[in-house]
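For the sequence shown, numbering that gives the first Met the number 0 assigns the number 0 to the initial residue and increments by one for each residue that follows. Backbone N, C-alpha and C define an ideal beta-carbon position, used for all residues, glycine too. Remarks on the structure that follows.
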Amino acid sequence: MAQRIAVIPGDGIGPEVVEATRTALDAVADVHGLDLAYDDFDWSCRRYVEQGAMMPEDGLDILREYDAILLGAVGWPGVPDHVSLWGLLIPIRRTFRQYVNLRPVAVLEGVQSPLRDARPGDVDLVVVRENVEGEYSEIGGRMNRGFPDEMAVQESVFTRAGVTRVVDFAFDLARTRGGYLTSATKSNGIVHTLPFWDEVVAERAAEFPDVRWDAEHIDALAAKLVLEPGRFDVIVGSNLFGDILSDLAAAVAGSIGVAPSANLDPTRTFPSMFEPVHGSAPDIAGQGTADPVGTLWSASMMLDHLGHQEAGADLLAAVRATIRSPATRTRDLGGTAGTREVVEAVAARIRA
Ligand code: NAI
Ligand code: MG
């Protein structure tokens, strides 16, 4: 029976990079004999403007039936970013308990890192971001709007179950990689939630004696990621710390256009969602120049999650080989190719 994938191209360059990725996925499916079926959903800021909502009321129930979700990007000038985020992405992440946000970072061959010393092969790490609780909570409020004593309060929520499961995921992942985990903290300044985070990490570490680990304060960790990115293997952090670190790490890797992400429900109760890290890039939308690599890499993670590890590895290898040449990489990577040319080269390599 076919595995069913819900596709949400979204706004701006989202549809361009998703369409390109479908071409590569079709090639991988042919070569590896995969039975993948796709349904497209036009949920987006465009839909919000026309119909008043990013997705239909039963949107989440529709998605629930799928094996995975592939998303381009959402966001468009004129629609506030919190509408596109809280009207689509965050409900998907939370309703489907996608408690791990996984963001691999590598300096790929053919990509110039802004760091002088970061060469391909030197940087190869994964940020594991807690994705459903922490600082991104709905608990809090505003009072006395418009008066001099106006105030805002927002509570962070760290639960033992929530920290344990994401930390366990990170330790497990470290075990399959370099055997080294870094926990992002700030327990010197944030005196309740982050000491709690540290305690849980230390407790769980006892279950993974084969993984070396340490804790770093987020400020120092940010500096070290720039100064010695090659030192890190798996980094685990709360929702906010993980968000910031993964964008920083993606910048270190050279281009936002190549960074992938997976929002995972590791229990597989619900569909997981795969999306590039970049947004809808209104400045280059419609020009056919968007870098499809972030979405292609995300699709490779999707194949992996669906149990097709070889196919996923094949796709990523084809992408890596393709962007080595300036003729088959996009302008953000110093190349001359358009989106289609990149993906046609990727598909040809897969079929070869
Ligand atoms: P952005 O990632 O869309 O663009 C930042 C810069 O990177 C732009 O100069 C853009 O041209 C470039 N860029 C991004 N992706 C690229 C690609 N694949 N190839 C070549 N260049 C690329 O971030 P920005 O401008 O802050 O946000 C634009 C819209 O996207 C906003 O509405 C924002 O809310 C939304 N957004 C959505 C995300 C999502 O759907 N997960 C994530 C980030 C932003
Ligand atoms: Mg971010």
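Query                                                                                                                                                         : Result
For the ligand NAI, is there a heavy atom less than 7 Å away from the beta-carbon of E18?                                                                     : no
Is the beta carbon of S271 closer than 8 Å to that of A67?                                                                                                    : yes
If you check the beta carbons only, do V73 and D148 fall under 8 Å apart?                                                                                     : no
Under a Cβ-count criterion, where at least 16 other Cβ atoms within 10 Å of its own Cβ denotes burial, should G161 be classed as buried or exposed?           : buried
In this structure, how does DSSP classify A250 when only helix, strand and coil are distinguished?                                                            : helix
Compute the beta-carbon to beta-carbon distance between T181 and I217, rounded to the nearest angstrom, for a pair I have assumed lies under 8 Å.             : Not confirmed; about 11 Å, so no contact.
For a test of your reading of the model: does the CB of L88 fall under 7 Å from any non-hydrogen atom of the ligand NAI? Yes or no.                           : yes
What is the residue span of the beta strand (DSSP E) that W212 lies within?                                                                                   : R211 to H216
Could you pull the DSSP bridge partners for S186 from this structure?                                                                                         : For S186, which the question treats as bridged, DSSP gives no partner whatsoever.
Per the contact definition of three or more C-beta pairs closer than 8 Å, is the region 88-99 in contact with the region 54-63?                               : yes
Within the region 264-323, note down every full alpha helix (DSSP H) run reaching 4 residues or more, in order along the chain.                               : 292-304 and 308-321
Give the range of the beta strand (DSSP E) segment to which I234 is assigned.                                                                                 : V233 to G236
Quick one: is P76 buried, meaning 16 or more other Cβ sit within 10 Å of its Cβ, or exposed?                                                                  : exposed
Mark F146 as exposed unless 16 or more other C-beta atoms lie within 10 angstroms of its C-beta, in which case mark it buried.                                : exposed
Rounded to a whole number of angstroms, what is the C-alpha to C-alpha distance between A105 and A252?                                                        : 6 Å
I'd like to know if the region 19-33 and the region 302-310 are in contact, where contact means that at least 3 CB-CB pairs between them fall below 8 Å.      : yes
Rounding to the nearest angstrom, what Cα-Cα distance links A204 and A280 in this structure?                                                                  : 40 Å
Looking only at its chain, what residues have a beta carbon closer than 7 Å to the beta carbon of F95, apart from the 5 residues adjacent to it on each side? : D264, F269 and P270
Between which residues of its own chain and A19 is the CB-CB distance below 6 Å, once the five residues before and five after are set aside?                  : P291, T338 and V342
Find the nearest neighbour of T184 within the set F195, R174, R176 and G177, judged by alpha-carbon distance.                                                 : F195
Just checking my contact of N238 with E134 at CB under 8 Å: how many whole Å lie between their CB atoms?                                                      : 5 Å
Could you round the C-beta distance between G71 and G120 to whole angstroms and report it? I think they count as a contact, below 8 Å.                        : Not really, about 30 Å apart at Cβ, beyond 8 Å.
Using beta-carbon positions only, say whether S136 and V156 come within less than 8 Å of one another.                                                         : yes
Count the other CB atoms within 10 Å of the CB of R144; is the residue buried (16 or more) or exposed (fewer)?                                                : exposed
Can you check whether the CB of G256 is closer than 8 Å to the CB of P126?                                                                                    : Reading off the sequence shown, one finds Val at residue 126, where the question assumed Pro. Result no, Cβ atoms of V126 and G256 do not sit closer than 8 Å.
Figure out for me which residue from A222, V27, D38 and D25 has the closest Cα to the Cα of V6.                                                               : D38
If distances are taken between C-alpha atoms only, which option among A310, D282 and Q286 comes closest to L295?                                              : A310
Going by the beta-carbon positions, is the gap between I358 and A26 smaller than 8 Å?                                                                         : With the chain covering 0 to 351 only, the question about residue 358 has no answer from this structure.
I need the DSSP call for P194, collapsed to helix, strand or coil.                                                                                            : helix
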